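Input: a single structure, listed below in structure tokens.
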Amino acid sequence: MTIGVLALQGDFAEHIQILAHVGVRAVEVRLPRDMANIDALIIPGGESTTIGKLSVAFGLMAPLCQFASEKPVWGTCAGAIFLAKESTGHDQPMLQVMDIVVQRNAFGRQVDSFETDLDIPAVKTPENQHPVHAVFIRAPLIERVGKDVEVLASLPDGRIVAARQGHLLATSFHPELTGDDRFHRYFIRMAAGLT
Amino acid sequence: MDDQTVGTVGLKRGLAQMLKGGVIMDVVTPEQARIAEQAGACAVMALERVPADIRVDGGVARMSDPDIIYKIMDAVTIPVMAKCRIGHFVEAQILEAIGVDYVDESEVLTPADQHHHVNKHDFKIPFVCGCRNLGEALRRIGEGAAMIRTKGEAGTGDVVEAVYHARTVLGEIRRLVGLPDEELMAFSKEIGAPYELVKETKELGRMPVVNFAAGGIATPADAALMMQLGVDGVFVGSGIFKSGDPERRAKAIVEATTHFRDPRIIAEVSRNLGEPMVGRSVSSMPESEHLAVRGW
């Protein structure tokens, strides 16, 4: 299996490092031709406006939409915004392939960024039943989800921060910034059709 | 499980990780901030004057009027940074109260303290600091900086010092990685850096925080040059809004930073950008006008 990581801007190197650690081949995707031999794609954290504009400038919007219509894609933070069908209050290039509505910078500015532990049954393994330590940096919130979307994680007040719709996965937080590789393993199982 | 923690080292360094591969642009008005965001900047630096004008105007350069910073924060959705003077912890407190996303404790402003920088551990918001070499970088990280930028020579449009500082820092890291552990203490003493951070840098094989280049970057080729040398992203100060066509130049620098290893794309985005900033060669400037020497 080869997983592409969209490498236009953001923390793509952190995703690639974790994929290498769990033994999966990862390639950087900057142009449509880089998507030729990948089985799944991760859209990293970064600035969603920057990633969107660069996707438009280099002809990636249509190939990414086409890819996301049939193959597994996971977006973290900015990546989750990029996947969403709608972002409230902002007009920016988005793939609009996942039936979620997101709110950018939903918690405020950097002073409001936070870390917390979340109970996420979907990614737990027999060896590791611990909560997931989640890092929220100027994070978006998943305001609403469509009927085919499964909520994987919420904050204690019920606000949604991780969701899955078939082969599409979105997280408001950054599993690539912690040493915990369970989300990456979960996505690899998704990509292999095992979950 | 509803315990939330804020202001951690991980959150401070983490925001810088989200900026990687991007371009941070100096802006002095909300309109410029919107142009920068439209061009694909990953953040903006809110200022009263860009470094080239600070050089021309002379006098004491201080933190910007909060009103300008608030207006720029309202104009864009990307992160907003602002500068405080070296050692001026009250300017830093004000910037934290305003709610900027990053404070740049910057040599471009007139230093407020000739011996000490701000104790950046005291703050919930993250700081970026300049450096000319690894020792200076690790001293700043020791004080709590969550991001580093090589200084270059701001406001000149001459990339030579940016290259020199990046080569110095990255060269020192390459040398450090090859040292046996028993030589790390002497190395720490030689460069004037905390031992634990020297050790961590050796183990990581890179700076423990994100490292951008700054100071004199004026063209898409300059940005790609710094990226190929091995930095994580670039700051462009006067180079954009002191040029003939800021919109096009800003977008071209963003695109060249992403595709920094692809000379065909850099050639394409570099076409018809209009006049670059006029600039001043650093070698023609008297020592007294060099900003990079500020910082201890």
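The listed protein sequences derive, respectively, from chains A and B. The numbering used here applies: residue 1 is where the first sequence begins, and numbers increase by one. The numbering used here applies: residue 196 is where the second sequence begins, and numbers increase by one. Even glycine gets a Cβ: it sits at the ideal position worked out from N, Cα and C. Just so we're clear, the structure is a prediction, and the values are computed from it rather than from any experiment.
- Query: Shorter than 8 Å from the beta carbon of Met213(B) to some beta carbon of chain A?
  - Reply: Here residue 213(B) is taken as the residue at index 18 of the second sequence, counted from 1. Yes - at least one Cβ of chain A is within 8 Å of the one on Met213(B).
- Message: For chain A, check one thing: does any of its Cβ atoms lie closer than 8 Å to the Cβ of Met196(B)?
- Response: Position 1 of the second sequence, counted from the first residue, corresponds to residue 196(B). Legend: pLDDT at Met196(B) = 48, less than 50; position of this residue unreliable, value from coordinates given subsequently. Yes, Met196(B) lies at the interface with chain A (some Cβ there is under 8 Å from its Cβ).
- Query: Which value, in whole angstroms, describes the spacing of the CA atoms of Leu206(B) and Met402(B)?
  - Reply: Position 11 of the second sequence, counted from the start, is the residue given in the question as residue 206(B). Position 207 of the second sequence, counted from the start, is the residue given in the question as residue 402(B). The alpha-carbon atoms of Leu206(B) and Met402(B) are separated by roughly 17 Å.
- Message: Spatial neighbours of Val73(A) within its chain, please: C-beta separation below 6 Å, excluding the five flanking residues on both sides.
- Response: Reading the first sequence from its first residue, position 73 is the one you call residue 73(A). Correct list, in chain order: Leu41, Leu168.
- Message: Looking only at its chain, what residues have a beta carbon closer than 8 Å to the beta carbon of Gly425(B), apart from the 5 residues adjacent to it on each side?
- Response: On the second sequence, position 230 is the one that residue 425(B) refers to. Around Gly425(B): Ala361, Leu365.
- Query: What separation, rounded to the nearest whole angstrom, lies between the Cα atoms of Ser198(A) and Ala191(A)?
  - Reply: A question about residue 198(A) goes unanswered here, because the residues of chain A that appear run from 1 up to 195.
- Query: Do you know how far the Cα of Ser478(B) is from the Cα of Ser113(A)?
  - Reply: Mapped onto the first sequence, residue 113(A) falls at position 113. Mapped onto the second sequence, residue 478(B) falls at position 283. Looking at the two C-alpha atoms, the distance is approximately 43 Å.
- Message: Residues of the segment 60-82 of chain A in Cβ contact with chain B at a cutoff of 8 Å, in chain order, please.
- Response: Cys77, Ala78
- Message: Below 8 Å on C-beta distance, what does Val429(B) contact in chain A?
- Response: The residue labelled residue 429(B) in the question sits at position 234 within the second sequence. Result: empty, since nearest Cβ-Cβ is about 12 Å, beyond 8 Å.
- Task: Pull up the distance between the alpha-carbon of Val429(B) and that of Met421(B), whole angstroms please.
- Result: Reading the second sequence from its first residue, position 234 is the one you call residue 429(B). Reading the second sequence from its first residue, position 226 is the one you call residue 421(B). Roughly 8 Å separates the two Cα atoms.
- Query: Which residues, in chain order, does the segment 91-107 of chain A contribute to contact with chain B at a C-beta distance below 9 Å?
  - Reply: Gln92, Arg104, Asn105
- Would you say the beta carbon of Asp148(A) comes nearer than 7 Å to a heavy atom of the ligand PLP? This structure lacks the ligand PLP, and indeed carries no ligand of any kind.
- Quick one: Cα of Ala231(B) to Cα of Asp376(B), how far? Numbered from 1 along the second sequence, position 36 holds the residue referred to as residue 231(B). Numbered from 1 along the second sequence, position 181 holds the residue referred to as residue 376(B). Using only the alpha carbons, I get a separation of about 45 Å.
- Item | Residues of its chain near Met196(B), where Cβ-Cβ distance is below 8 Å and the 5 sequence neighbours each way are ignored | Numbered from its first residue, the second sequence carries residue 196(B) at position 1. Bear in mind that the predicted position of Met196(B) carries a pLDDT of just 48, short of 50, making it unreliable; the figure below should be weighed with that in mind. Nothing listed; no residue qualifies.
- Message: Do Ala413(B) and Met472(B) count as a contact pair if the criterion is CB distance below 8 Å?
- Response: Locating residue 472(B) in the second sequence gives position 277, counting from the first residue. Locating residue 413(B) in the second sequence gives position 218, counting from the first residue. It is a contact, given that the beta carbons lie within the stated cut-off.
- Buried or exposed (CB count within 10 angstroms, at least 16 for buried), Asp91(A): Position 91 of the first sequence, counted from the start, is the residue given in the question as residue 91(A). Exposed: under 16 other Cβ atoms inside 10 Å.
- Query: Whose C-alpha, out of Asp117(A), Leu95(A), Asn128(A), is nearest the C-alpha of Asp198(B)?
  - Reply: In the second sequence, counting from the first residue as 1, residue 198(B) sits at position 3. With distances taken between Cα atoms, Asp198(B) lies closest to Asp117(A).
- Query: DSSP on Gln423(B), reduced to helix/strand/coil?
  - Reply: Position 228 of the second sequence, counted from the start, is the residue given in the question as residue 423(B). If DSSP states are grouped into helix, strand and coil, Gln423(B) belongs with the helices.
- Query: If you follow the beta strand (DSSP E) that Phe436(B) is part of, which residue opens it and which one closes it?
  - Reply: Walking along the second sequence from the start, residue 436(B) turns up at place 241. Taken as a continuous stretch (DSSP letters only), Phe436(B) belongs to no beta strand (DSSP E), being part of the alpha helix (DSSP H) at 433-436.
- Query: Would you say the segment 262-271 of chain B touches the segment 316-336 of chain B, given that touching needs at least three Cβ pairs under 8 Å?
  - Reply: no
- Helix, strand or coil: how does DSSP classify Met196(B) here? Within the second sequence, the letter at position 1 stands for residue 196(B). Because the pLDDT of Met196(B) is 48, which lies under 50, any placement of that residue in the model is unreliable, and the number read from its coordinates should be weighed accordingly. Of the three classes helix, strand and coil, the one that applies to Met196(B) here is coil, per DSSP.
- Could you spell out the range, first to last residue, of the alpha helix (DSSP H) harbouring Ile230(B)? Within the second sequence, the letter at position 35 stands for residue 230(B). Ile230(B) -> alpha helix (DSSP H) spans 225-234.
- Message: Using only the alpha-carbon positions, how far apart do Met240(B) and Gly193(A) sit?
- Response: Against the second sequence, residue 240(B) aligns to sequence position 45. Against the first sequence, residue 193(A) aligns to sequence position 193. Straight-line Cα distance between these residues: approximately 45 Å.
- Item | For Gln288(B) and Val303(B), the rounded distance between their alpha carbons | On the second sequence, position 108 is the one that residue 303(B) refers to. On the second sequence, position 93 is the one that residue 288(B) refers to. Going by the C-alpha atoms only, they are around 19 Å apart.
- Query: Where DSSP assigns a beta bridge to Phe322(B), which residues make up the other side?
  - Reply: Taking the second sequence and counting its residues from 1, the one referred to as residue 322(B) is at position 127. DSSP output for Phe322(B) lists Val298(B) as bridge partner(s).
- Task: Starting from the N-terminal side, write out each stretch of the alpha helix (DSSP H) that is 4 residues or longer and does not extend beyond the segment 5-70 of chain A.
- Result: 12-21, 48-57, 61-70
- Item | Cross-chain neighbours of Thr453(B) in chain A, by beta carbon under 7 Å | Locating residue 453(B) in the second sequence gives position 258, where the first residue counts as 1. The contacting residues are Leu8, Gln9, Arg30, Leu54.
- Task: Compare the C-beta of Cys324(B) against all C-beta atoms of chain A and say whether one is closer than 8 Å.
- Result: As a first step, residue 324(B) is located in the second sequence; it is residue number 129 there, counting from the start. By this cut-off, Cys324(B) is not an interface position.
- Message: Short of 9 Å Cβ to Cβ, which residues in the segment 127-142 of chain A face chain B?
- Response: Pro131, Val135, Phe136, Ile137, Arg138
- Task: Check each residue of the segment 336-368 of chain B: if its Cβ is closer than 9 Å to any Cβ of chain A, include it; give the result in chain order.
- Result: none
- Query: Counting only beta-carbon atoms, is Leu177(A) nearer than 8 Å to chain B?
  - Reply: To locate residue 177(A), count along the first sequence from 1; it is residue 177. For Leu177(A), the answer is yes, since a Cβ of chain B falls inside 8 Å of its Cβ.
- Query: Since Gln199(B) meets chain C, which of its residues come closer than 8 Å, beta carbon to beta carbon?
  - Reply: Among the chains of the structure shown, chain C does not appear; the protein chains present are A and B.
- Task: Can you grab the Cα-Cα spacing for the pair His15(A) / Pro44(A), in whole Å?
- Result: Here the question's residue 15(A) lines up with position 15 in the first sequence. Here the question's residue 44(A) lines up with position 44 in the first sequence. In a straight line, the C-alpha of His15(A) is about 7 Å away from that of Pro44(A).
- Query: Sorted by chain position, which residues of the same chain lie with C-beta nearer than 6 Å to Ile137(A)'s C-beta, five sequence neighbours on each side aside?
  - Reply: Here residue 137(A) is taken as the residue at index 137 of the first sequence, counted from 1. Ser113, listed in sequence order.
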